[in-house]
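Remember, the numbering used here sits 17 above the position in the sequence shown when you count from 1. Virtual Cβ for every residue (Gly too), placed ideally from N, Cα, C. Remember, predicted model here, so these are calculated numbers, not experimental data. For reference, the structure discussed in these notes is given below.
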Amino acid sequence: MKALIPVMLGLFAVAAQAATPNEILAGYRAEAAKHNPRYQPSAELGAQFYTRLFSASAKMPSCSSCHGDDPSRSGSHVVTGKAIGPLAPGANAERFTDPAKVEKWFRRNCGEVLGRACSAAEKADLIAFLMRGR
Ligand code: HEC
């Protein structure tokens with residue numbers, strides 16, 4: 018796992034570089050392992066996180082508020098009503114292929130829904146959940 022860290026740091030440094038969902042998951046997993054060496058991504062925890070109701074925003078209490086209860090289907094923005102393509106990479110090949118885009122939206126959406134940044138473990142669990150059944 019230690020050997021992956023420099024690889025992933027390199028990956029995040031090159032913003033435009035394409036990646037696979039597995040590589041992006043591995044990057045967050047390596048980051049989470051720095052805090053907890055026994056950390057393993059959990060699709061189960063990711064599923065709970067995806068629909069959990071947080072209290073930072075009444076309008077958008079959960080990730081599923083905009084992305085929909087089923088991430089393999091399209092969602093709709095809770096404020097603007099604009100359609101949002103499926104978040105699951107199995108249903109939307111563009112998902113989790115651009116590390117800079119992924120970070121940008123994690124930063125924005127976690128800030129709005131949780132009122133704080135998501136941890137690396139929360140991100141890895143969520144991606145593990147979204148990749149489940151592929
Ligand atoms: C207010 C509506 C809204 C909420 C709530 C929301 N999102 Fe999003 N999310 C968006 C929009 C809009 C985009 C960008 C448009 C697109 O990529 O389809 C996006 C994109 C993303 C992406 C980019 C993925 C990729 O590779 O394309 C991630 C990751 C993401 N959201 C995670 C989350 C997480 C985690 C939560 C809950 C903490 C969340 N979102 C809650 C609206 C929302």
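In this structure, E111 has its CB closer than 8 Å to one or more heavy atoms of the ligand HEC. The straight-line gap separating the alpha-carbon atoms of R90 and A117 is approximately 23 Å.
According to DSSP, S93 shares a beta bridge with A100. Within the same chain, Cβ atoms closer than 8 Å to the Cβ of S79 are found at Y67, T68, R69, L70, F71 and V130, the five residues on either side in sequence being excluded. Around the C-beta of H94, fewer than 16 other C-beta atoms lie within 10 Å, and the residue is accordingly described as exposed. Contact between A137 and G63 does not hold, since their C-beta atoms are separated by about 13 Å, which reaches or exceeds 8 Å.
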